[in-house]
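In this note's numbering, the protein residues as written are -12 to 483.
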Amino acid sequence: MNFRTKSYLRKRFGDYYQNSELPMPYDFKRREWGFIFFDELPEVVMRRHRAFSSEGEAAEYLRGMVPAHVYHSAAYYQFPGAGTMKEKKWEGADLIFDLDADHLPQKATSYAEMLANVKSETGKLLDFLLEDFGFGEETIRVAFSGGRGYHIHVHDPRVLTLESAQRREIVDYIGGMGINVDFMFREYIIGGESKTYGVRREGGFGFEQNRFDASLQFKTYVLKGSKGTSQKRTITVGLGTKRIISFIDTPGGFGWGKRVSKHLVSYLGDLLSKEEHMALGEISYAIYAYNNPSPNINNSAKEIAGRIFQFKNEHPSWSSKRIYQEIAENTISESFVHDILHSGNKAKKIINIAKSEEAIKLIKDKGIIDFGGVPEFFEIILQHTVEEFGIKLGAKTDEPVTADIRRLIRMPSSLHGGSGMRVVPLTLAEFDQFEPLRDAVVFSEKEIKIEVFPPLKPQNSLVEMKGKSIKVEEGINTVPEYAGIYLMCRGAAEYA
């Protein structure tokens, strides 16, 4: 970034700060502030350990110094302007989440698609905060980062003094870390339910003897009476029937249990929308993948599994070997065909559940699931649920930001020096309708000239903002100011 470009950007950022309201974050006087200035770019030098005693002082600093990036601490300090962290005397911190599109597993084909993906993930995180943790809407603030994602600020007395390890536990929970079948489900007792004994297994406390009927897939327990009595009770447990624990005391369930129910109902409904051979293939492949955690096959295996059942339906007498020869796919083995067909009966049981209105109602209303004969499907559905709803540690949410109780975060309403867009503060109602490439663009449509230097990266050759698609090429280009500032801030162009 040359001197001419820096001067232009500083002038236009300064115009924004002069003509905009600059609302301060909650209790801003107790926060540390940090800045990155245009003069030192492209080298990133954070100037921190600042503090402000009034809104006027803070606004005057921004309008006079015109930083490229503005940050404040999530933490509150007794002496926020002190030169060392120890001297500041930490007094608590908001709970902060930073979701960045660069960390998403989905590979977007455009900036707009990337931002849509991260907005969806942010919506899922908000659901966790509101529904699972019970934070009130008034304690949550969302901000578009001005770049590739969203920040969530939770200001609630219950989280203020949480240490780093406790904040990591929150990240683990929203990522589904440690969630397993024993944590999520309880064996369902036919004819009634016992919270005390429903999760006990053979040999556990309280059992005198047990009997297992393999043909019926039931286990009968004889329970000892309470201490000092000889009373006994016999209960029968369907081994393929479990209940989501969170449904036992809460109609409709809550937390991860509610998500499991929602995902399963959606999954079963989706199966019925497919041709039967494809549905059988999808289920059988899921069972195969569960039993072979690192299957040495390509990404089209699920479709191939469907074709296997199509051949079997059309030619019932064909062997696995014959079907394998007919498919002629060198990316799978004959044993794969055999294993897929071997899971066919289990797959049919799952499809029968999908066809049963009563079974679906039990899953939705009571969290009762009967996977009789297909016990591995509890693990499969749980894994799929975590993949769909979980905010993955180190992948979708920036875990160090949440755990770092002294982290600096971008100031809402400031400008992002890497894009020229506004860091937009949002209420939860505003978040739903927010479109970053429309609502975070603050500069004009007045045309300016920029010079694009080689090599022009594909992601910088097209700017999609304000409903327009603006293509640029290497050399001199005439573009709307907002597009030119975006490319200059990205380091893809200079002011001409």
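Glycine included, each C-beta is placed from N, C-alpha and C at the ideal position.
Just so you know, these numbers come straight off a predicted model, no measurement behind them.
Check                                                                                                       : Outcome
DSSP state of S60 mapped onto helix, strand, coil                                                           : strand
Between the CA atoms of G454 and S448 - distance to the nearest angstrom                                    : 16 Å
Length of the line joining the Cα atoms of G134 and G405                                                    : 7 Å
Pair within 7 Å by beta-carbon distance, V429 and Y4                                                        : no
Exposed unless 16 or more other CB atoms sit within 10 angstroms - verdict on S132                          : buried
T237, buried or exposed, once every other Cβ within 10 Å from all chains shown has been counted against 16  : exposed
Contact the stretch 330 to 341 vs the stretch 256 to 264: 3+ CB pairs below 8 Å                             : yes
Separation of V252 from D26, as counted between CA atoms                                                    : 56 Å
Identity of the residue in S320, R155 and L116 nearest I392 by Cα                                           : R155
Length of the line joining the Cα atoms of V146 and D81                                                     : 7 Å
Length of the line joining the Cα atoms of E316 and Y275                                                    : 18 Å
First through last residue of the alpha helix (DSSP H) which encompasses W243                               : G242 to L259
S500 versus K444: straight-line alpha-carbon distance, rounded                                              : The displayed coordinates of the chain run from -12 to 483. Any statement about residue 500 would go beyond what the structure contains.
I166 beta carbon less than 7 Å from that of W243                                                            : yes
Q297 versus A273: straight-line alpha-carbon distance, rounded                                              : 17 Å
Beta-carbon proximity of D85 to H36, cut-off 7 Å                                                            : no
C-beta atoms of T372 and R246 nearer than 7 Å                                                               : yes
Sequence-distant residues of the same chain with beta carbon closer than 6 Å to R34, five excluded per side : F22
According to DSSP, residues forming a beta bridge with E174                                                 : K229
Beta carbon of V141 nearer than 7 Å to that of M398                                                         : no
Contact under 7 Å by Cβ, S400 with P10                                                                      : yes
Rounded separation between L328 and D419 - CA only                                                          : 45 Å
Any beta strand (DSSP E) of 3 or more consecutive residues that is wholly inside the stretch 106 to 131     : 127 to 131
Between the CA atoms of F0 and G407 - distance to the nearest angstrom                                      : 8 Å
Buried or exposed by the 16-neighbour rule on C-beta atoms within 10 Å, applied to T318                     : exposed
Nearest-angstrom Cα separation, counted from M(-12) out to H403                                             : 16 Å
Same chain, Cβ closer than 8 Å to E126, five either side skipped, listed in chain order                     : Before going on, a small fix: residue 126 reads as Thr here, not Glu. Here the set comprises V141, H142 and D143.
Of the residues V411, K433 and E434, the one placed nearest D426, counting alpha carbons only               : V411
Own chain, CB closer than 7 Å to Y64, minus 5 neighbours either side, in chain order                        : R17, E19, K75, K76, W77 and E78
Cα-Cα separation between I270 and V388, rounded to whole angstroms                                          : 39 Å
Residue(s) in a DSSP beta bridge with N464                                                                  : I437
Alpha-carbon spacing of P442 relative to N464, whole angstroms                                              : 15 Å
Contact set for M171: own chain, Cβ-Cβ below 7 Å, skip 5 residues either direction                          : I231, I232, W243, G244, V247 and L369
Residues near L117 by beta carbon distance below 6 Å, same chain, minus five either side                    : none
C-alpha distance - G478 paired with V450, whole-angstrom precision                                          : 14 Å
Residues near A61 in its chain [Cβ-Cβ closer than 6 Å; skip 5 each side]                                    : A80, D81, I83, R394 and I396
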